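For reference, the structure discussed in these notes is given below.
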Amino acid sequence: MKVQQISVFLENKCGRLAAVTQVLAQKGVNIRALSIADTTDFGILRLIVDQPELAFNVLKEGNFTVSVTDVIAVEIPDKPGGLAGVLEVLDQNKINMEYLYAFVGQAGNKALNIFRVEQVDTAIEVLTKNNIKIVPGKEIYSL
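Using this note's numbering, the first residue of the sequence shown is number 37, and each one after it goes up by one.
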């Protein structure tokens, strides 16, 4: 049920993001979703890719500072209050949200978000028990 997210530490200077995307492209790794959190001097690039193990290895070989983090992909009703309802379930169960970002590629009346929470396994259990769909990594990588 977990999704592997690749995180890359990047200096905040021209060409660093382009270098990451070029390395991945050369090895045939497709980026499915991404998020960048930055400061004046550096940023953290978070990626969901179709081949997380390969992405990790080629970035490491390319001398990037890279790590893998378990996140969850959550299907959310695509309507006002859809995200609020899901977050309320987590809040009621004392599960802290570290960050989240949208995932493009879902069709119909559902949105897909990537959640990083402190207690991943507990969050999966709680959300599933509340009829909130968790999309498995294998399915996410193939979207």
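The beta carbon of each residue, even a glycine, is placed where N, CA and C say it ideally should be.
None of these values were measured; they are calculated from a predicted model.
Within 10 Å of its beta-carbon, does residue i have 16 or more other beta-carbons around it, so buried, or fewer, so exposed?
{"i": "SER43", "result": "buried"}
{"i": "ASN149", "result": "buried"}
{"i": "PHE45", "result": "exposed"}
{"i": "GLN62", "result": "exposed"}
{"i": "PRO88", "result": "buried"}
{"i": "ALA109", "result": "buried"}
{"i": "ALA54", "result": "exposed"}
{"i": "GLU1", "result": "Any question about residue 1 goes unanswered here, given that the chain covers just 37 to 179."}
Could you check the C-alpha separation between residue i and residue j for me, to the nearest Å?
{"i": "SER71", "j": "THR164", "result": "25 Å"}
{"i": "SER103", "j": "GLY118", "result": "31 Å"}
{"i": "ASN129", "j": "ILE168", "result": "14 Å"}
{"i": "GLY98", "j": "VAL59", "result": "8 Å"}
So for residue i, helix, strand or coil by DSSP?
{"i": "PRO172", "result": "coil"}
{"i": "VAL59", "result": "helix"}
{"i": "VAL164", "result": "Looking at the sequence itself, residue 164 is Thr, so the reference to Val does not match. THR164: helix per DSSP, three-state reduction."}
For a minimum of 4 consecutive residues, which ranges assigned as the alpha helix (DSSP H) are wholly contained in the segment 72–148? Qualifying alpha helix (DSSP H) stretches, in chain order: 88–97, 118–128.
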